[in-house]
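Below is one structure, written out as structure tokens; comments come after it.
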Amino acid sequence: MAPVIDIRGLAIVLGGNTILEDFDLAVEKGEFVAVVGASGVGKSTLLRIVAGLIPSAAGTVAVAAAAAPDRRPYAMVFQDARLLPWRRVTRNVEFGAEGLSLDRKSRRARAEAALSLVGLGSHGLRYPHQLSGGQRQRVAIARALAVEPEILLMDEPFGALDAITRASLQDELVRLWQETGKTIIFVTHDIDEAVYLADRVILLGGKPGRIQSQHVVTASRPRQRDHVEAQGLAAEIRDNLQNTVSDGGGI
Amino acid sequence: MSTAPDGRRPAPAGPGLFRHPTFLAILGFLGFLGIWEGVTRFGLMSPIFLPPPSSLPTAFWREVTSGIWLDRILQSLDHYLAGLVLGSLLGIALGVATGMSRTLEGLTAWVIRVLRPIPGLAWVPFAILWFQISPAAATFIVGVGVFWINYYATLSAVQGVDGDLIELAESFGYRSRLVKLVKVVLPASTPGILAGVRTGLGQAWMSVVAAELFGVAGLGQRMNEAATLLASDIVVVYMLTMALLYGLVDAVFMLIRNRLLAWRP
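For the protein sequence lines, the chains are A and B, in the order given. For the first sequence, the working numbering begins at 2 and goes up steadily by one. For the second sequence, the working numbering begins at 14 and goes up steadily by one.
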């Protein structure tokens, strides 16, 4: 089967800086891919390219089309939840779905289902400022799920959360992924998080950014956080990251 | 905070009756009236130059029973509301448009730099040339002042909208400017826009009075008329009327605003 994301020979130039160059990446349907690397190496840029938010200077980016007019091909989750403060939680979750050919009732039903899926079924009438940081991030995930995307693009979604909240959201994400079969690209600077979550970890490095190494995580699910093999893999990735930084890559 | 030797804190000193804000406000107000009244009672100033508060109810009653008071209020409200609505809507519309379009911002940059510093009242000669001494002239003067306030408030509100929210909208496929305007930009800038409208509410009263001093019928014109007859008590009646009207309009506006912004913490 054709990959859902197929990037070939991609180059990105922003403000005169070449961020990525000669970049190839294929992601299969249902795959959970984590992207790690030093800050400024182009991890977030990669997601924005897939989402069509920034133009590419060269190469092709093929993203599988939405399966139906009431679905989106992809949806993004950002590090900050980016909820609209003037909308109640349910209306925030409906935000993305408003652009789809979907009547009011089914849209509301989807939003409520998505909210239940992230464990906030009873919070629909609250305003964002009445939620905790973790709850806000769950709403952002529900908002992404409500457009029933094929691909979830997640840009350090748990980076701003405390350790306990982060761990529980990680486990929930894995559960959601297993239940829905979505393809996920998950950008993070936390290598342990990447190894814990993903099937495949991609290390970006260098300037302009390239794929330095790829690592398949074979550990079976549900995974243990202190799994020896996973820790070995994380150490290996960390070593590679050190090398890319000392080679004059991003900082 | 210091702690008493036995470890207990002293009871927090809440405002006693004599330091209660409402009590203080009433006390201050009565004091103000007393001094005002005293100035004429003790012959420090002639009642013609400063009518004592005790003379106002009679003057007020004369104006009300003759029907002039209500007439002038309605005339002024007419200029006020028409100028306010027109000026605010145009100001908001242009503010949104320039805030959303770099091209329009560039095109209007110098025009606005030239027109902006001209005080609203400097337009009086043109108001008279174009509209003669008519309600339309007063509306125009009021509208000009309100326009700039709303234009700048809206422009900065729109330009201050969090770019991350726009990016969010784009990530869900909302690429057209109109959709982004409706879904993100307008709701996000509503607090700023309403702050401009509220400033305009006050500014517009000043313009109303000033515009009417040139003879357009209304509160300002009646004040001017009374002043030339040395009926200063009537002038004060209308000054207080304006304060009352402004207070009412502002209170109604705040009710609407608080409903619109109920989502704010």
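For glycine and all other residues, C-beta sits at the position ideal for the given N, C-alpha and C.
Who are the Cβ neighbours of Ser67 of chain B in its own chain at under 8 Å, not counting the five residues just before and after it? Here residue 67 of chain B refers to the residue found at position 54 when the second sequence is read from its first residue. These residues qualify, in order along the chain: Glu50.
Exposure label - Leu128 of chain B; buried when at least 16 CB within 10 Å: On the second sequence, residue 128 of chain B is found 115 positions in, with the first residue counted as 1. With fewer than 16 Cβ atoms within 10 Å of its Cβ, Leu128 of chain B is classed as exposed.
Would you list the residues sitting across from Asn271 of chain B in a DSSP beta bridge? Taking the first residue of the second sequence as 1, we reach residue 271 of chain B at position 258. According to DSSP, which records beta bridges pairwise, Asn271 of chain B is partnered with nothing at all.
Closest by C-alpha distance to Gln232 of chain A, when choosing among A:Val196, A:Gln213 and A:Asn241: The residue you call residue 232 of chain A lines up with position 231 of the first sequence. Considering only alpha carbons, the answer is A:Val196.
DSSP puts Gln215 of chain A in a beta bridge; with which residues? One-based indexing of the first sequence puts residue 215 of chain A at position 214. DSSP lists A:Ile203 as partners of Gln215 of chain A.
Let me confirm a value: Ala112 of chain A is counted as buried when at least 16 other C-beta atoms fall within 10 Å, else exposed. Which label applies? Translated into the one-based positions of the first sequence, residue 112 of chain A becomes position 111. So Ala112 of chain A counts as buried.
Just checking: is the beta-carbon of Asp81 of chain A within a distance shorter than 8 Å of some beta-carbon in chain B? In the first sequence, the residue the question calls residue 81 of chain A occupies position 80. Output row for Asp81 of chain A: interface = yes.
So what's Ile8 of chain A in DSSP terms, helix, strand or just coil? In the first sequence, the residue the question calls residue 8 of chain A occupies position 7. Ile8 of chain A: strand per DSSP, three-state reduction.
Under the assumption that Gly213 of chain B contacts Ile162 of chain B (Cβ atoms under 8 Å), give the Cβ distance between them as a whole number of angstroms. Along the second sequence, read from residue 1 onward, the residue named residue 213 of chain B stands at position 200. Along the second sequence, read from residue 1 onward, the residue named residue 162 of chain B stands at position 149. The Cβ separation is near 5 Å, so the contact holds.
If you run the structure through DSSP and keep just helix, strand and coil, what is Glu22 of chain A? Taking the first residue of the first sequence as 1, we reach residue 22 of chain A at position 21. Reduced to three states, the DSSP call for Glu22 of chain A is strand.
Could you pull the DSSP bridge partners for Thr61 of chain A from this structure? Residue mapping note: residue 61 of chain A aligns to position 60 of the first sequence, counting from 1. Bridge partners of Thr61 of chain A: A:Arg9.
Below 8 Å between beta carbons: does that hold for Phe96 of chain A and Leu103 of chain A? Residue numbering aside, residue 96 of chain A sits at position 95 when the first sequence is read from its first letter. Residue numbering aside, residue 103 of chain A sits at position 102 when the first sequence is read from its first letter. The answer is no: Cβ separation not under 8 Å.
Chain B contacts made by the region 132 to 151 of chain A, where a contact means CB separation under 8 Å: Cβ contacts with chain B: Val148.
Which term fits His216 of chain A, buried or exposed, when burial requires 16 or more other beta carbons within 10 angstroms of its beta carbon? In the first sequence, residue 216 of chain A corresponds to position 215, counting from 1. By the 10 Å Cβ count, His216 of chain A comes out buried.
Would Ile54 of chain B be called buried (16 or more neighbouring beta carbons within 10 Å of its own) or exposed? Within the second sequence, residue 54 of chain B is the residue found at index 41, counting from 1. Here residue 54 of chain B is Arg; the residue named in the question, Ile, does not match the sequence. It is exposed - the Cβ of Arg54 of chain B has fewer than 16 other Cβ atoms within 10 Å.
In whole angstroms, what separates the C-alpha of Lys183 of chain A from that of Ala27 of chain A? For the purposes of this step, residue 183 of chain A is taken as residue 182 along the first sequence, with counting starting at 1. For the purposes of this step, residue 27 of chain A is taken as residue 26 along the first sequence, with counting starting at 1. Approximately 15 Å, taken between the alpha carbons.
Flag this pair as yes or no: are the beta carbons of Ala169 of chain B and Gly205 of chain B separated by less than 8 Å? Along the second sequence, one-based indexing puts residue 169 of chain B at 156. Along the second sequence, one-based indexing puts residue 205 of chain B at 192. Per the sequence presented here, residue 169 of chain B reads as Ser, with Ala not at that position. Yes, these two residues count as a Cβ contact at 8 Å.
Closest by CA to Asn241 of chain A, which one among A:Leu204, A:Gln225, A:Lys208 and A:Ser107? The residue given as residue 241 of chain A occupies position 240 in the first sequence. Closest option to Asn241 of chain A, Cα to Cα, is A:Leu204.
Please confirm whether Gly209 of chain B has its beta-carbon closer than 8 Å to some beta-carbon of chain A. Along the second sequence, read from residue 1 onward, the residue named residue 209 of chain B stands at position 196. Answer no: the Cβ-Cβ gap between Gly209 of chain B and chain A never drops below 8 Å.
Buried or exposed: Ile13 of chain A, going by 16 or more other Cβ atoms within 10 Å of its Cβ? Your numbering for residue 13 of chain A matches position 12 in the first sequence. The residue is buried, with at least 16 neighbouring Cβ atoms inside 10 Å.
Is the beta carbon of Gly43 of chain A closer than 8 Å to that of Ile20 of chain A? Numbered from 1 along the first sequence, position 19 holds the residue referred to as residue 20 of chain A. Numbered from 1 along the first sequence, position 42 holds the residue referred to as residue 43 of chain A. Contact: yes.
Would you report the Cα separation of Ser133 of chain A and Asn93 of chain A, rounded to the nearest angstrom? Within the first sequence, the letter at position 132 stands for residue 133 of chain A. Within the first sequence, the letter at position 92 stands for residue 93 of chain A. Taking the straight line joining both Cα atoms gives about 15 Å.
Ile252 of chain A by DSSP, collapsed to three states: which one? For the purposes of this step, residue 252 of chain A is taken as the residue at position 251 of the first sequence. Unreliable placement is indicated for Ile252 of chain A, whose pLDDT of 43 sits below 50; no coordinate value is reported for it.
What are the start and end residues of the alpha helix (DSSP H) that includes Phe45 of chain B? Position 32 of the second sequence, counted from the first residue, corresponds to residue 45 of chain B. Run containing Phe45 of chain B: Pro34 to Arg54, per the alpha helix (DSSP H) assignment.
Indicate the three-state DSSP secondary structure (helix, strand or coil) for Gly38 of chain A in the structure shown. Translated into positions along the first sequence, residue 38 of chain A becomes position 37. The answer is strand: DSSP assigns Gly38 of chain A an E or B state.
Would you mind stating whether Ile86 of chain B and Leu191 of chain B have Cβ atoms separated by less than 8 Å? By 1-based counting over the second sequence, the position of residue 86 of chain B is 73. By 1-based counting over the second sequence, the position of residue 191 of chain B is 178. Not closer than 8 Å, so no.
Taking buried to mean at least 16 other C-beta atoms within 10 Å of its own C-beta, is Pro158 of chain A buried or exposed? Taking the first sequence and counting its residues from 1, the one referred to as residue 158 of chain A is at position 157. So Pro158 of chain A counts as buried.
What's the gap between the Cα of Ala275 of chain B and the Cα of Leu162 of chain A? Here the question's residue 275 of chain B lines up with position 262 in the second sequence. Here the question's residue 162 of chain A lines up with position 161 in the first sequence. Cα to Cα, Ala275 of chain B sits roughly 28 Å from Leu162 of chain A.
Neighbourhood of Val250 of chain B by C-beta, 7 Å cutoff - its chain only, sequence neighbours within 5 removed: The residue you call residue 250 of chain B lines up with position 237 of the second sequence. Excluding its 5 nearest sequence neighbours in each direction, Val250 of chain B has C-beta neighbours in its own chain below 7 Å: Leu69, Ala72, Phe73 and Glu76, listed in chain order.
Range covered by the beta strand (DSSP E) that runs through Thr167 of chain B: Stepping through the second sequence from its first residue, residue 167 of chain B is reached at position 154. No beta strand (DSSP E) contains Thr167 of chain B, which is instead part of the alpha helix (DSSP H) from Pro148 to Gln172.
Under 8 Å between the Cβ atoms of Val90 of chain A and His124 of chain A? Within the first sequence, the letter at position 89 stands for residue 90 of chain A. Within the first sequence, the letter at position 123 stands for residue 124 of chain A. Contact flag set, yes.
What are the boundary residues of the beta strand (DSSP E) that Thr71 of chain B is part of? Along the second sequence, one-based indexing puts residue 71 of chain B at 58. Looking at the DSSP string, Thr71 of chain B is not in any beta strand (DSSP E); the run it does join, the alpha helix (DSSP H), is Leu69 to Thr78.
According to DSSP, is Ala223 of chain B part of a helix, a strand, or is it coil? Mapped onto the second sequence, residue 223 of chain B falls at position 210. Note: Ala223 of chain B maps to helix in three-state DSSP.
Taking Cβ-Cβ distances shorter than 7 Å, what residues in chain B pair up with Gly100 of chain A? Translated into positions along the first sequence, residue 100 of chain A becomes position 99. Simply Phe185, Gly186 and Tyr187.
State yes or no: is the C-beta of Pro220 of chain B within less than 8 Å of the C-beta of Gly158 of chain B? Numbered from 1 along the second sequence, position 207 holds the residue referred to as residue 220 of chain B. Numbered from 1 along the second sequence, position 145 holds the residue referred to as residue 158 of chain B. Per the sequence presented here, residue 220 of chain B reads as Ser, with Pro not at that position. Yes, the pair counts as a contact, with Cβ atoms nearer than the cut-off.
Pair every Cβ in the region 88 to 101 of chain B with every Cβ in the region 227 to 234 of chain B, then say whether three or more of these pairs are closer than 8 Å. Three or more beta-carbon pairs drawn from the region 88 to 101 of chain B and the region 227 to 234 of chain B are found closer than 8 Å, and the two stretches are therefore classed as touching.
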